[in-house]
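Undergrad:
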Amino acid sequence: MKTDELIALLANGAQAVEPHALQRRYVTALGWGAFGTTLMMAILLGVRPDLAEATRLPMFWAKLAFPAALFAGALLAVLRLSRPGGRLGHALSVIAAPVLAMWLLAAIVLLVAAPGERGELILGISAASCPFTIALLSVPLFGAVLWAMKGLAPTRLALAGAAAGLLSGAGGALVYALYCPEMAAPFIGIWYLLGMLLPAVVGALFGPRLLRW
Amino acid sequence: MSASEDRLRTLLVRGLAGDNATYHVFLKELSAHLRAFLRGRLSRLPDEVEDLVQETLLAIHNQRHTYDAGQPLTAWIHAIARYKLIDLLRRRAGRDALNDPLDDEPDVLAASDIEAADARRDLARLLARLPDRQRLPIVHMKLEGLSVVEAARMTGMSESAVKVGVHRGLKALAAMIQRER
Numbered sequence: 143m144k145t146d147e148l149i150a151l152l153a154n155g156a157q158a159v160e161p162h163a164l165q166r167r168y169v170t171a172l173g174w175g176a177f178g179t180t181l182m183m184a185i186l187l188g189v190r191p192d193l194a195e196a197t198r199l200p201m202f203w204a205k206l207a208f209p210a211a212l213f214a215g216a217l218l219a220v221l222r223l224s225r226p227g228g229r230l231g232h233a234l235s236v237i238a239a240p241v242l243a244m245w246l247l248a249a250i251v252l253l254v255a256a257p258g259e260r261g262e263l264i265l266g267i268s269a270a271s272c273p274f275t276i277a278l279l280s281v282p283l284f285g286a287v288l289w290a291m292k293g294l295a296p297t298r299l300a301l302a303g304a305a306a307g308l309l310s311g312a313g314g315a316l317v318y319a320l321y322c323p324e325m326a327a328p329f330i331g332i333w334y335l336l337g338m339l340l341p342a343v344v345g346a347l348f349g350p351r352l353l354r355w
Numbered sequence: 002m003s004a005s006e007d008r009l010r011t012l013l014v015r016g017l018a019g020d021n022a023t024y025h026v027f028l029k030e031l032s033a034h035l036r037a038f039l040r041g042r043l044s045r046l047p048d049e050v051e052d053l054v055q056e057t058l059l060a061i062h063n064q065r066h067t068y069d070a071g072q073p074l075t076a077w078i079h080a081i082a083r084y085k086l087i088d089l090l091r092r093r094a095g096r097d098a099l100n101d102p103l104d105d106e107p108d109v110l111a112a113s114d115i116e117a118a119d120a121r122r123d124l125a126r127l128l129a130r131l132p133d134r135q136r137l138p139i140v141h142m143k144l145e146g147l148s149v150v151e152a153a154r155m156t157g158m159s160e161s162a163v164k165v166g167v168h169r170g171l172k173a174l175a176a177m178i179q180r181e182r
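Here the protein sequences come in this chain order: A and B.
Heads up, the first sequence is in our numbering, so the first residue is 143 and it goes up one at a time.
Heads up, the second sequence is in our numbering, so the first residue is 2 and it goes up one at a time.
1. Taking the CB atoms as reference points, tell me whether A152/B and M142/B lie closer together than 8 Å.
2. What's the C-alpha gap between D146/A and L86/B?
3. Are any of the Cβ atoms in chain A nearer than 8 Å to that of H25/B?
4. Indicate whether the contact test is met: 3 or more Cβ pairs, each with one atom in the stretch 248 to 256 of chain A and one in the stretch 334 to 345 of chain A, closer than 8 Å.
5. Thinking C-beta only, is L309/A closer than 8 Å to A216/A?
6. At a Cβ cut of 9 Å, what residues of the stretch 248 to 259 of chain A count as close to chain B, listed as they run along the chain?
7. Starting from Q64/B, follow the alpha helix (DSSP H) in both directions and report where the run begins and ends.
8. Could you tell me if the beta carbon of R93/B falls within a distance shorter than 7 Å of some heavy atom in the ligand FMN?
9. May I ask which residues mark the beginning and end of the alpha helix (DSSP H) holding E181/B?
10. Can you tell which of P200/A, L352/A and A207/A has its C-alpha closest to the C-alpha of A243/A?
11. With distance defined between alpha-carbon atoms, name the residue in S32/B, N63/B, A162/B and L110/B nearest to A121/A.
12. For I267/A, name the three-state secondary structure that DSSP assigns.
13. Rounded to whole angstroms, what is the Cα-Cα separation between L223/A and M325/A?
14. Contact criterion: CB-CB distance below 8 Å. Does I185/A meet it with respect to chain D?
15. Does any C-beta atom of chain B lie closer than 8 Å to the C-beta of R351/A?
16. When the Cα of R10/B is compared with those of V163/B, I115/B and I78/B, which residue comes out closest?
17. Strictly below 9 Å CB to CB, what residues from chain B border S235/A?
18. For L17/B, would you say it is in contact with chain A, using Cβ-to-Cβ distances shorter than 8 Å as the test?
19. Given a threshold of 16 other Cβ atoms within 10 Å of its Cβ, counted over all protein chains shown, does G227/A qualify as buried or as exposed?
20. Runs of 4 residues minimum, wholly inside the stretch 285 to 350 of chain A: which ones carry the alpha helix (DSSP H) assignment?
21. Using a beta-carbon distance below 8 Å, is D123/B in contact with chain A?
22. Just verifying my parser: in three-state terms, what is the DSSP assignment at A162/A?
23. What does K144/A reach in chain B if we use C-beta pairs closer than 8 Å?
24. Could you give the uninterrupted runs of the alpha helix (DSSP H) lying entirely in the stretch 181 to 227 of chain A, keeping only those of 4 residues or more?
25. Can you pull out the residues from the stretch 323 to 334 of chain A whose beta carbon lies closer than 9 Å to at least one beta carbon of chain B?
26. Closer than 7 Å, Cβ to any Cβ of chain A: which residues of the stretch 74 to 88 of chain B, in chain order?
27. Can you tell me whether Q72/B is helix, strand or coil according to DSSP?
28. Touch check for the stretch 196 to 212 of chain A and the stretch 178 to 186 of chain A: three-plus C-beta pairs under 8 Å?
29. Just by C-beta distance, which residues in the stretch 299 to 321 of chain A are closer than 7 Å to chain B?
30. Alpha carbon to alpha carbon, how far is R40/B from P47/B? Give it in angstroms, no decimals.
31. Pick helix, strand or coil for L110/B, following the three-state DSSP scheme.
32. If we count the other Cβ atoms within 10 Å of its Cβ and call it buried at 16 or more, is P132/B buried or exposed?
33. Out of V149/B, D119/B and I81/B, which one is the CA nearest neighbour of P296/A?
Pasting the structure below:
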């Protein structure tokens with residue numbers, strides 16, 4: 143087939159592109175992904191029994207705000223990296239800000255605490271399982287976000303995969319925070335972050351293979 | 002911004018809104034820019050140029066919903082052309098080295114070349130390998146120029162199945178090209 147014939151083929155009967163096609167795709171993906179992650183949470187874990195009392199504590203909201211802010215930063219990165227030639231821009235600062243804020247809070251908490259209590263503030267009671275549970279909960283979101291991204295056109299595949307992983311990890315952490323009884327900033331700053339970074343690393347490793355177009 | 006940037010962007014934006022005649026002009030002019038750009042970067046692999054022009058045009062068409070009208074068109078085109086160029090070189094890795102470094106300078110619209118060589122890969126042959134639910138909508142709508150309604154009547158498929166068939170078929174075609182090399 144000659145190039146001119148291909149051009150005629152492509153232009154012939156081409157349908158108009160709906161506006162905001164990219165954003166719509168992510169709304170669909172995040173809707174299904176969030177449904178899957180929440181369902182998984184409801185089946186596997188449930189919510190913490192003292193949820194109503196916990197909502198009165200400022201730390202409960204800080205614990206939700208941390209993954210929520212990372213979710214927003216990762217979403218910005220995902221939207222940008224889904225377009226050819228898209229750059230991270232200030233998405234990186236939006237991602238770094240909540241991490242630094244949580245680490246600052248954790249440092250203050252550790253400094254103020256008695257030396258004997260510091261170990262517990264860091265490890266809590268669930269340090270060994272927390273990151274893996276967050277990563278597990280992120281799986282439905284991860285699948286949905288990768289599906290959306292695959293239908294778009296990322297050109298930096300490892301970075302795009304990492305952003306997709308971080309987005310799903312942050313979503314998983316947000317849901318997990320409703321179950322997890324840990325309330326210490328050092329714990330959140332380490333193990334929650336690790337849980338969100340696990341899918342990001344997986345995304346960076348498999349992005350080049352999974353997102354090719 | 003260059004004159005070609007402004008002109009091509011206007012053409013594309015109208016094309017994306019459903020003006021197929023304008024979209025045809027856009028693809029035609031774009032193909033000349035792509036040819037000049039790729040020829041400059043594949044001077045050791047001249048036989049690959051036209052194939053890659055076709056592959057890049059197909060990618061731009063399939064991925065056209067990722068163009069944001071607020072974004073410079075040159076950067077978007079350059080990123081796609083560069084991505085497909087690197088993909089080709091990676092598939093050929095070890096056999097030939099790239100003779101010109103891949104710059105970040107998005108000068109993809111700087112030159113134009115309307116002398117199309119013959120493509121070595123025949124897309125018509127790949128098209129024939131698609132399943133009927135994708136191939137028939139493409140043949141009727143894209144090659145014979147029938148409307149969605151007419152193509153639906155010809156194939157006995159629903160109108161939305163015809164549209165989906167065209168869309169998926171062109172994506173499958175791009176995937177076949179990647180696997181074939």
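Every residue gets a Cβ at the ideal spot worked out from N, C-alpha and C, and that includes glycine.
TA: Considering the structure as presented:
1. Position 151 of the second sequence holds residue 152/B. Position 141 of the second sequence holds residue 142/B. Yes.
2. Taking the first sequence and counting its residues from 1, the one referred to as residue 146/A is at position 4. Taking the second sequence and counting its residues from 1, the one referred to as residue 86/B is at position 85. D146/A and L86/B: Cα-Cα distance of roughly 21 Å.
3. As a first step, residue 25/B is located in the second sequence; it is residue number 24 there, counting from the start. So, interface residue.
4. no
5. On the first sequence, residue 216/A is found 74 positions in, with the first residue counted as 1. On the first sequence, residue 309/A is found 167 positions in, with the first residue counted as 1. Going by C-beta atoms, A216/A is nearer than 8 Å to L309/A.
6. none
7. Position 63 of the second sequence holds residue 64/B. Q64/B -> no alpha helix (DSSP H), and no H or E assigned at all.
8. No copy of the ligand FMN appears in this structure; indeed no ligand is present at all.
9. Translated into the one-based positions of the second sequence, residue 181/B becomes position 180. First-last of the alpha helix (DSSP H) with E181/B: E160 to E181.
10. As a working mapping, residue 243/A is identified with position 101 in the first sequence. Nearest of P200/A, L352/A and A207/A to A243/A, Cα basis: A207/A.
11. Absent from the structure is residue 121/A, since the part of chain A shown begins at 143 and ends at 355.
12. Looking up residue 267/A in the first sequence gives position 125. I267/A: coil per DSSP, three-state reduction.
13. Residue 223/A sits at position 81 when you count from the first residue of the first sequence. Residue 325/A sits at position 183 when you count from the first residue of the first sequence. Straight-line Cα distance between these residues: approximately 34 Å.
14. Absence of chain D from the displayed structure is noted, the protein chains being A and B.
15. Residue 351/A sits at position 209 when you count from the first residue of the first sequence. No, R351/A does not count as interfacial toward chain B.
16. Walking along the second sequence from the start, residue 10/B turns up at place 9. That would be I78/B, whose Cα lies nearest to the Cα of R10/B.
17. Walking along the first sequence from the start, residue 235/A turns up at place 93. Correct list: empty, because the minimum Cβ distance to chain B is about 21 Å.
18. Walking along the second sequence from the start, residue 17/B turns up at place 16. For L17/B, the answer is yes, since a Cβ of chain A falls inside 8 Å of its Cβ.
19. Here the question's residue 227/A lines up with position 85 in the first sequence. Flag for G227/A reads buried.
20. 299 to 318
21. Taking the second sequence and counting its residues from 1, one reaches residue 123/B at position 122. Yes, contact with chain A.
22. Taking the first residue of the first sequence as position 1, residue 162/A is located at position 20. It is His, not Ala, that sits at residue 162/A in the sequence shown. H162/A falls in the coil class under three-state DSSP.
23. Taking the first residue of the first sequence as position 1, residue 144/A is located at position 2. Neighbours of K144/A on chain B, chain order: A117, D119 and A120.
24. Taken in chain order, the complete alpha helix (DSSP H) segments of 4 or more residues contained in the stretch 181 to 227 of chain A are 193 to 196 and 200 to 223.
25. Listed in sequence order: no entries.
26. Under the 7 Å Cβ criterion, the stretch 74 to 88 of chain B contributes A76, W77, H79, A80, I81 and Y84.
27. As a working note, residue 72/B is residue 71 in the second sequence. Residue state, collapsed to three classes: coil.
28. no
29. none
30. The count along the second sequence starts at 1 and reaches residue 47/B at position 46. The count along the second sequence starts at 1 and reaches residue 40/B at position 39. Between P47/B and R40/B, the C-alpha separation is close to 7 Å.
31. What you label residue 110/B is simply residue 109 of the second sequence in a count that begins at 1. In the structure shown, L110/B falls within a coil segment according to DSSP collapsed to helix, strand and coil.
32. As a working note, residue 132/B is residue 131 in the second sequence. P132/B should be labelled exposed.
33. Against the first sequence, residue 296/A aligns to sequence position 154. Here the closest residue by C-alpha is I81/B.
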